[in-house]
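Asker:
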Amino acid sequence: MYVVLASDPAGVRITQLDDSGAPVAARRTIAREHLPAEVAALERERPRWVWDDTSRWYPQLLAAGVRVERCVDLRLCHVILRNSALTAGSELATAERGPWDAAAVDEKPALLGTLFDLEAFGSEGTERTKGTGAHTGTNSTDSPRDRADPVAEFLAQRAAVAASAGSGRLNLLLAAESAGALVASEMRLAGLPWNVARHDELLAELLGARPKPGERPAILEAVLQRVRDLLEAPELNPDSPNDLLRALRRAGLVIDSTRSWELKKLTHPAIEPLLEYKKLARLMAANGWNWVDTWIENGRFRPDYVPGGVVTGRWATSGGGALQLPRQVRGAVMSDPGWKFVVADAAQLEPRVLAGLAGDAKMAEAGRGDLYEGIVASGAVATRAEAKVAMLGAMYGATSGDGGRLMPRLAKAFPAAIAMVEAAARAGERGEVVTTRLGRSSPPPGESWRDIQGEAYGTDASAADQKRAISQSRGWGRFTRNFIVQGTAAEWALCWMAGLRNRLWELGTGPLTERPHLVFFLHDEVIVHTPKALADQVAAEVRAAAADAGRLIFGSMPVDFPVTTAIVESYADAK
DNA sequence: TACCCCAGCGCG
DNA sequence: AAAGCGCGCTGGGGTA
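Positions in the first sequence are counted from 1; adding 210 to them yields the numbering used here.
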């Protein structure tokens, strides 16, 4: 059964559909304040909730203590189906842009009326990312998506999937994407436990005690003093790349940027303290006291997770840089008393995904244990380090350096896997679209890309035009090469997390945050916060969910997806 | 003052 | 080891 929710001037309109999409009862409208109780009652029948945007509906339900098992997030699913090569001929994909299509930045509409609509839509989008997602309460009935009918959209999506040759995969992708949206709301509700006192200690050890606003802490100041002395630049502003570059050149160094890996090549007494300064200044700017003041509330870090925020299907976050927490401060992530973290990491996820995608039995075999050791054992390369750099080269499209040099050896040892990424690269170079295992397609290159390619073959094309076109074409090829791997890995991770979410729910009783629950997700890694006594069971469920995800996506293809699990009280103690 | 872009660096 | 993929955030520095 499906239950479609829609905003209505009078409250919330509820439409129940059977599994074929046919209405099973007259639709009705209830008052907004009755929604949580209504959802809780209907949830016992395990429906799939259908709504325009999980972040507009679910946070309030969670706040009222109502958790749902599954949903369809029409906004996220629409994006997938609109772009997927598997549904390219569908009405949904070929229709004019509508309220379910986000306004594209580079498509400025000519007509004022249209412009107004798109701007209204855009402003809604930005509100969503910065806010709590709690839109349903007040003035949301005016947004374009509320003027669109979710029942009609849902039926259009079902039709597009049903007519596709890849309907099984697409259905899995849509379910996983929607489950991800539920997880995102739940993780925001729970928050990542953050020990402010410990964070303070870490900062004090590394930087010195918290300074007055606008000043530098003692250790940072002392390091800077050394830099200024050694460069004989007492007025140096080390945070200004221009200023720093001038000072370095005055000291006789030949350099054209202040990037740390460029600095590392230089020999000068000031380099060591300068690199130290950069490291510490970065910590202070990105995750220092200001960050704690802004992002930690009541011992929890609650970033805004953005499922589908990356073209490849990876998540993004907005606010707090949640996906870039530096190792230096991970010690401040500490479990509650009586609770533990289970930190789990999918080992060598992307190359394993590539083995599955390509159906490369040899590479799957090499991945029976440590994949890189397996590659060494196959004789392709001599060391684990070489295996790793060669694999990265294959997946990212390295052309030079060790990656570019070693990659051809992989092509000999694992021809199927390498042919897969090479084919994706060639498709991208031609401006074609590529598609992940479950059916997410890459965006086509933009208009200016095509212009540049076209111009390079005109009669008055210069050598420079052609060079530019080739370089741009290769660049897009590297993107599509990586897209199929990164995108399919993201699908694996979504399936993993969706399965884990339900397994965790079964381990406990009561509200979500009193059971083992997800508190963090980082592409190929999750953190579960769990009562101490359940930690071992959680670790087992994490591994079982990983095995499920592999079978769901790759079927009988025997690719292993081992996960490392650590049961810890601080994130810093994992791996 | 507000806004935009860039350089640089954190994460996978 | 900084060549090759995907992001977000900060401070500097410019413009309106």
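Glycine included, C-beta positions come from ideal geometry on N, C-alpha and C.
1) Skipping 5 residues on each side, what residues in its chain have a beta carbon closer than 7 angstroms to that of Pro360?
2) Is the number of C-beta pairs between the stretch 406-417 and the stretch 722-738 that are closer than 8 angstroms three or more?
3) Pro423: buried (16+ other C-beta within 10 angstroms of its C-beta) or exposed?
4) Candidates Gly390, Leu717 and Val437: which alpha carbon is nearest Cys287's?
5) Residues in the same chain with beta-carbon distance under 6 angstroms from Asp585, minus the five sequence neighbours each way, listed in chain order, please.
6) Are the CB atoms of Ala303 and Leu291 nearer to each other than 8 angstroms?
7) Going by beta-carbon coordinates alone, are His733 and Ser545 separated by less than 8 angstroms?
8) Secondary structure at Ile506, three-state DSSP: helix, strand or coil?
9) Which value, in whole angstroms, describes the spacing of the CA atoms of Glu329 and Ala312?
10) I'd like to confirm the pairing. Which residues does DSSP put opposite His727 in its beta bridges?
11) Under the three-state reduction of DSSP, which class applies to Lys550: helix, strand or coil?
12) What residues in its chain sit with their C-beta under 7 angstroms from that of Glu583, if we drop five residues either side in the sequence?
13) Let me know if Arg426 comes out buried or exposed under the rule of 16 or more other beta-carbons within 10 Å of its beta-carbon.
14) Report the three-state DSSP secondary structure of Ala461 (helix, strand or coil).
15) According to DSSP, simplified to helix, strand and coil, what is Arg368?
16) Please give me, in chain order, every unbroken run of the alpha helix (DSSP H) with length at least 4 that falls completely inside the stretch 538-591.
17) Taking all protein chains shown into account, do 16 or more other C-beta atoms lie within 10 angstroms of the C-beta of Val222, making it buried, or fewer, making it exposed?
18) Evaluate Val778 with the Cβ neighbour count: other Cβ atoms within 10 Å of its Cβ, from every protein chain shown; 16 or more gives buried, anything less gives exposed.
19) Helix, strand or coil for Tyr212? Go by DSSP, reduced to three states.
20) Give the secondary structure of Thr818 by DSSP, where H, G and I count as helix, E and B as strand, and everything else as coil.
21) Under 8 angstroms, with one C-beta from each stretch per pair, do the stretch 671-689 and the stretch 705-717 reach the 3-pair mark?
22) Among Pro517, Thr609, Ser651 and Glu632, which residue has its Cα nearest to the Cα of Ser265?
23) Taking the beta carbon of Gly231 as the centre, do at least 16 other beta carbons fall within 10 Å, making it buried, or is it exposed?
24) DSSP on Pro233, reduced to helix/strand/coil?
25) Grab the span of the beta strand (DSSP E) containing Leu227 for me, first residue to last.
26) Check each candidate in Ala776, Leu762 and Ile763 and name the one with the smallest Cα separation from Ala749.
27) If distances are taken between C-alpha atoms only, which option among Asp670, Ala251, Pro547 and Ala635 comes closest to Ala743?
28) Asp228: buried (16+ other C-beta within 10 angstroms of its C-beta) or exposed?
29) Would you report the Cα separation of Glu301 and Leu430, rounded to the nearest angstrom?
30) Determine the extent of the alpha helix (DSSP H) in which Val437 is found, giving its start and end residues.
31) Which same chain residues end up closer than 6 angstroms to Arg753 when comparing Cβ atoms and leaving out the 5 residues on each side of it in sequence?
32) Is DSSP giving Asp734 helix, strand or coil here?
33) Look at the alpha carbon of Trp267 and the alpha carbon of Ala386, and state the distance between them as a whole number of angstroms.
34) Determine the contact status of Ile737 and Val521, defining contact as a CB-CB distance below 8 angstroms.
35) Tell me which residues share the same chain as Ile240 and place their Cβ nearer than 7 angstroms to its Cβ, disregarding the 5 neighbours each side in the sequence.
36) Looking only at C-alpha atoms, which of Thr297, Ala600 and Val278 sits nearest to Arg368?
Answerer: Reading off the structure:
1) Val214, Ala216, Val260, Trp261, Asp262 and Leu284
2) no
3) exposed
4) Gly390
5) The amino acid at residue 585 is misidentified as Asp; the sequence shows Ile. Answer for Ile585: Ala576 and Ala597, listed in chain order.
6) yes
7) no
8) strand
9) Legend: pLDDT at Glu329 = 31, less than 50; position of this residue unreliable, value from coordinates given subsequently. Going by the C-alpha atoms only, they are around 10 angstroms apart.
10) His739
11) strand
12) Arg594
13) buried
14) coil
15) helix
16) 559-568, 571-576 and 581-587
17) buried
18) buried
19) strand
20) Because the chain is modelled from 211 through 785, residue 818 falls outside the range shown and cannot be assessed.
21) no
22) Pro517
23) exposed
24) strand
25) Gly221 to Leu227
26) Ala776
27) Pro547
28) exposed
29) 60 angstroms
30) Ala428 to Leu441
31) Val773
32) coil
33) 18 angstroms
34) no
35) Gly221, Val222, Ile224 and Glu248
36) Thr297
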